[in-house]
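Residue numbers (mature numbering (1 follows the signal peptide of the UniProt record, and there is no 0)): -21 to -1, 1 to 538.
Here's the structure we're looking at; comments come further down.
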Amino acid sequence: MKTRTITFLGLFAGLFATASAEDLVIKMTEESGVEIVNDARFDIVNKCLGNTMPGTTICLGEIDFGDGTTYAANGAEFAHENPDTEGTLDFYMGDPDNGGLLFTQIDVKGTNAFQYYRTFRYNFYPEGTDGFTWPTGKHQVYMRYNNCEGNLKKIVFYNNEFTEEEQGEMPDPTYDYFSIPASAGSVVNPEVCPDAKLNDGVWGNTGEGLIVKFPSIDFKDGNTYQQIAVVSTHGGSTNPDGFLEIYIDGTDSEDNMIAKIWTARDWRWIVYGTLAKNLEKNISGVHDLYVKWTGATNLKEIQLIEGTPWEIEDDEPEKIELIDEPLTDNAYGMHFDSMGGIENTVEFMAYGSDDLKFEASNIGYTSYGVVLKFVDVDFQNGQFTRILVDHSSDQASLGSSTFDFYIDLDHDDYSDLSVLENDTKLATVQAQGTSNWATPKKTAGTMTSKVEGVHDLYMVFRTDAGANIHGVYLDTDYDPSSISTATIEGVKVWGMTNAVCIESATESLTVDVYNFAGQNISQTKVAAGLSTLSMAKGIYLVKVADAKGNVATYKLSVK
């Protein structure tokens, strides 16, 4: 790496450790005006740029460098699960493929998890450095991944230079705090998560509803501690509903909550990071402290922090409500195994850009341009009105991606989808990201015409990313009023203002909430006793199931 010389401005860099009002902060979201030139996606849930690769290029928009004194350094919040990842983010005035001038680089390296972000920042190379141009004036600024890949949260252009020690990967702030180790707590409600336990000083095997009590915590005079933090980890996919709620004097009232920290970030159950929040109220004296889980998280430590050393940002994920369309008893399904289609032969007419193949229970390695042919599909007497696709994806969103259906096509080659321009679609089914390959959900499209008898059904992928296909269904209209209204002894369900209430006399329940169109909008587990689920005004179908397999469905209104 070339040396970054420090001028006299570096003497003041310590005053600007965090972004100041004069700094330019560019978040990696579509709304910020960032444009993807090639090989990347906006991750809507995690609010970052993802799916990058060496050579990925983005345009940050127009930046005014003035007479050359407006900005002196820049930084990036970067993450990659491979700790051995190394490379640079290269910045250009103008398109690098059309004469753009390189003006600086940020050295980045792996952070052990794709959602564990660290800030890497460096001064610009001094004017006259071989291969670099000092930025002045207004330019469209481009950034290119050089010999690396990784998720990107934001780019910051700093008004002031940094000292040598203030460059590179930024450490967490140092501060004074009172440590509450996980081992100081005990489970209040072991029946909710029977497997929860302390392992090497960490609460693990946790889950929604678990409560751990930490007795007799001294908050001193009410002014000493102004922030609270948890040291925790989570793995698998991002869970927008996974929080640690921290209370004093009991969890039966939200008035007792002093902080709510989103912890269910994909840190691979490996990285233990510190996540802080400002205390929502002044607390003095000795109190019992309670931690309540809303999703699986391993907890190592709680910190009561003196002062406000952590810069608190709104970094909680965007929650996307997944659709899971129900099937009727009339549905005809087409499924797969590693040998091919089970109910119907399925032929690959176009392979797309990935290694399209049958897997154990799905069609995988799909991509834009895949064309499947379901041979001799019996539409029977024309009663089917919908086509549903049961699919999964590791993406949080697939944007405007669709699965388009046709019947009885007759083209020699399907490698170019333009051959379908004059063919009539039978149905278009919206594709959705489910954030996990193991979480398939069904979406539906209405058939444009009545079809009878046996036909070849073609499925065309117009998708932004891969989606595993677990089943394709022909079905009639879904009628919510036909749902059974059987009851379970000891269970009551009713609607009230902005909430659905579930009361179970003796045992925990699995609860599914559907809107009146039949879309599954919530799935959760509730413990015995009274539980409330926040809901907007409307009519809902609530299905509850107990551990014995008894199922009951309730139709109700929320005011």
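Built from N, CA and C at the ideal position, the CB exists for glycine as well.
Predicted, not measured: the structure shown is a model, and the values here were computed from it.
C-beta atoms of residue i and residue j nearer than 9 Å
i: Leu268; j: Val210; result: no
i: Ala64; j: Arg123; result: Looking at the sequence provided, one finds Thr at residue 64 rather than Ala. No.
i: Gly221; j: Gly183; result: no
i: Lys132; j: Tyr96; result: yes
i: Thr98; j: Glu56; result: yes
i: Ala238; j: Thr217; result: no
i: Ile190; j: Leu283; result: no
i: Val24; j: Pro419; result: no
i: residue 539; j: Leu306; result: The structure shown has nothing for residue 539, since the chain only spans -21 to 538.
i: Val350; j: Val439; result: yes
i: residue 610; j: Ile481; result: This structure does not reach residue 610, given that the chain is present from -21 up to 538, and the question cannot be answered.
i: Lys352; j: Asp435; result: yes
Exposure label - residue i; buried when at least 16 CB within 10 Å
i: His449; result: buried
i: Gln502; result: exposed
i: Leu(-11); result: Confidence in Leu(-11) is poor, its pLDDT being 32 and thus under 50, which makes the residue's placement unreliable; the coordinate value appears in the next sentence. Classification for Leu(-11): exposed.
i: Asp392; result: exposed
i: Pro194; result: exposed
i: Ser461; result: At Ser461, the pLDDT of 48 sits below 50, so the modelled position is not reliable; the number obtained from the coordinates is stated separately. Exposed, by the Cβ-count rule.
i: Thr31; result: buried
i: His266; result: buried
i: Lys26; result: buried
i: Ser414; result: buried
i: Asn139; result: buried
i: His59; result: buried
i: His390; result: exposed
i: Phe(-6); result: At Phe(-6) the pLDDT is 34, less than 50, meaning the model places this residue with poor confidence; the figure from the coordinates comes in the next sentence. So Phe(-6) ends up on the buried side.
i: Glu128; result: buried
Euclidean distance between Cα positions of residue i and residue j
i: Asp76; j: Tyr121; result: 10 Å
i: Leu39; j: Phe111; result: 19 Å
i: Leu520; j: Thr532; result: 7 Å
i: Lys199; j: Glu145; result: 34 Å
i: Trp113; j: Thr425; result: 57 Å
i: Leu453; j: Ala329; result: 23 Å
i: Ala92; j: Glu148; result: 15 Å
i: Arg20; j: Glu280; result: 35 Å
i: Val430; j: Thr364; result: 9 Å
i: Glu72; j: Gly89; result: Checking the sequence shown, residue 72 turns out to be Met, not Glu. Each residue's Cα considered, the two are about 27 Å apart.
i: Phe382; j: Ala410; result: 7 Å
i: Ile37; j: Val13; result: 7 Å
i: Thr442; j: Leu396; result: 12 Å
i: Gln359; j: Thr324; result: 18 Å
i: Glu285; j: Arg100; result: 27 Å
i: Gln94; j: Gln362; result: 47 Å
i: Leu367; j: Val537; result: 29 Å
i: Thr476; j: Met236; result: 22 Å
i: Leu68; j: Asp22; result: 19 Å
i: Thr115; j: Ile299; result: 41 Å
i: Ala339; j: Pro288; result: 51 Å
i: Lys471; j: Lys260; result: 36 Å
Nearest neighbour of residue i, chosen from the options [CA to CA]
i: Tyr437; options: Asn309, Tyr251, Ile15, Thr407; result: Thr407
i: Ala484; options: Val492, Val490, Glu468; result: Glu468
i: Leu3; options: Ile37, Val537, Val135, Met236; result: Val135
i: Leu509; options: Met313, Asn499, Val479; result: Val479
i: Ser380; options: Ile386, Ser372, Phe315; result: Ser372
i: Phe70; options: Glu285, Gln94, Ile42, His59; result: Ile42
i: Gly29; options: Phe157, Ala375, Met475, Arg247; result: Ala375
i: Ile159; options: Ile321, Glu326, Lys192, Gln498; result: Lys192
i: Asp334; options: Cys172, Glu326, Thr345, Val325; result: Thr345
i: Met318; options: Glu304, Asn341, Leu301; result: Asn341
i: Leu301; options: Lys516, Val492, Phe337; result: Val492
i: Ile249; options: Gly214, Leu258, Glu224; result: Gly214
i: His118; options: Glu106, Lys527, Val505, Gly79; result: Gly79
i: residue 598; options: Glu486, Ala417, Lys534, Val354; result: The displayed coordinates of the chain run from -21 to 538. Any statement about residue 598 would go beyond what the structure contains.
i: Thr48; options: Ser11, Val16, Asn126, Glu106; result: Glu106
i: Gly54; options: Pro62, Asp46, Asn102, Phe44; result: Asn102
i: Phe44; options: Glu1, Lys6, Ile85, Glu400; result: Glu1
Unbroken beta strand (DSSP E) run spanning residue i, endpoints
i: Lys182; result: Residue identity check: residue 182 is Trp in the sequence provided, not Lys. It spans 181 to 183 - the beta strand (DSSP E) in which Trp182 sits, taken as one unbroken run.
i: Glu280; result: 277 to 285
i: Ser371; result: 365 to 372
i: Val408; result: 406 to 409
i: Trp246; result: No beta strand (DSSP E) holds Trp246; DSSP gives it neither H nor E.
i: Cys172; result: That residue, Cys172, is in no beta strand (DSSP E); it is neither H nor E in DSSP.
i: Gly312; result: 311 to 313
i: Met122; result: 117 to 125
i: Gln498; result: Premise fails: Gln498 is in no beta strand (DSSP E) and is neither H nor E.
i: Glu304; result: Counting along the chain, Glu304 falls outside any beta strand (DSSP E), and DSSP gives it neither H nor E.
i: Glu41; result: 36 to 43
i: Glu65; result: 65 to 72
Any non-hydrogen atom of the ligand NAD within 8 Å of residue i CB
i: Gln498; result: Within the structure as shown, the ligand NAD is missing, as the structure has no ligands at all.
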